[in-house]
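Structure first, then comments.
In the working numbering, the protein residues as written are -15 to 251.
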């Protein structure tokens, strides 16, 4: 089970690094557009990895095309006006891919493994700690971290240490709760449904960034986010419509058996 979780842990590790560096390179509102390829990557990986292969109605693929158009329009506009760096766009694409890998691996693991969802959350977090600890040494940030909590630190440094610790604890708790919510949602739905929710959450995050952080949002960025959200909604509606039409195309097994018995009795 531990070996089977290695792809998930690696995807989470690369994904968190890509998210962090992407946010350091772009605004929070642009970050959601830079990660706009979540849905297309998830559809592609689901076809390659999941069995039985999911079916995508033509209308759902049109929704996926809208998402890709939103990503392309937003990034092209920002990049042409020098509002976003190429590094930020690249890291956003990498983050989209690793997040899609994570969701598909979670679904595959839950479908094949005897371990439950809670066991998977615990195992993946333990493995993540084992992978993240060496990064603190390799990044050269160990000295900076130790200096924050040194007994000889000044009052200003001590205040920074308390702020850092509080932010780290808050981020860790929020990340852990988000992991639980992600695994629970993927277990009862699908990776693509999770990506649709992620897209809606991204729009909410962008709105908060504009209000709380006073970040500027251009008409092109707003249009791109609208395309990404609209395409995700169209995909979800098309899949739901297909599922309902499929349910109505046959009788339940119990009713079929009752009809067969009635025919045998000559009724």
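Even glycine gets a Cβ: it sits at the ideal position worked out from N, Cα and C.
Asked                                                                                                                                                                               : Found
Where does residue 260 fall in DSSP's three states?                                                                                                                                 : Examination of residue 260 is not possible in this model, given that the chain is present from -15 through 251 alone.
Decide yes or no for the touch test of the stretch 49 to 58 against the stretch -6 to 1: beta carbon pairs closer than 8 angstroms, at least 3 of them.                             : no
For residue 126, which residues from the same chain have a beta carbon less than 8 angstroms from its beta carbon, with the 5 sequence-adjacent residues on both sides left out?    : 120
In the DSSP assignment, the alpha helix (DSSP H) including residue 21 goes from what residue to what residue?                                                                       : Careful: residue 21 lies outside any alpha helix (DSSP H) and carries neither H nor E.
Applying the criterion that 16 or more other CB atoms from any shown protein chain within 10 Å of the CB defines a buried residue, is residue 147 buried or exposed?                : exposed
Taking the alpha helix (DSSP H) that residue 34 falls in, what are its first and last residues?                                                                                     : Here residue 34 belongs to no alpha helix (DSSP H), and DSSP marks it neither H nor E.
Looking at residue 85: is its Cβ nearer than 9 angstroms to the Cβ of residue 18?                                                                                                   : no
Is it buried or exposed, residue -1, if we count other Cβ atoms within 10 angstroms and call 16 or more buried?                                                                     : buried
Report yes if the CB atom of residue 180 is closer than 9 angstroms to the CB atom of residue 16, and no otherwise.                                                                 : no
Tell whether a beta-carbon distance below 9 angstroms holds between residue 42 and residue 225.                                                                                     : no
Just to confirm before moving on: does the CB-CB distance between residue 80 and residue 21 stay below 9 angstroms?                                                                 : yes
How about the stretch 7 to 16 and the stretch 185 to 197: do they share at least three Cβ pairs that are nearer than 8 angstroms?                                                   : yes
Compare the Cα-Cα distances from residue 77 to each of 49, 93, 150 and 2 and report the closest residue.                                                                            : 2
What residue does the alpha helix (DSSP H) around residue 116 start on, and which one ends it?                                                                                      : 101 to 122
With DSSP collapsed to three states, give me the class of residue 69.                                                                                                               : coil
State buried or exposed for residue 209, treating a residue as buried only when at least 16 other CB atoms are found within 10 Å of its CB.                                         : buried
On a Cα-Cα basis, can you pick out the residue from 161, 113, 11 and 144 that is closest to residue 196?                                                                            : 11
Once the 5 residues before and after residue 71 are set aside, which same chain residues still bring their CB inside 7 angstroms of it?                                             : 9
Assuming contact is defined by CB atoms lying nearer than 9 angstroms, are residue 182 and residue 82 in contact in what I supplied?                                                : no
Go through its chain and collect everything with a Cβ distance to residue 38's Cβ below 6 angstroms, but skip five positions before and after it.                                   : 30
For residue 230, count neighbouring C-beta atoms within 10 Å of its own C-beta (all shown protein chains included) and say buried if the count is 16 or more, exposed if not.       : exposed
Count the other CB atoms, across all protein chains shown, that sit within 10 Å of the CB of residue 32; report buried if there are 16 or more and exposed otherwise.               : exposed
For residue 143, collect the residues of the same chain with a Cβ closer than 6 angstroms to its Cβ; drop the 5 residues on either side in sequence, then sort them by chain order. : none
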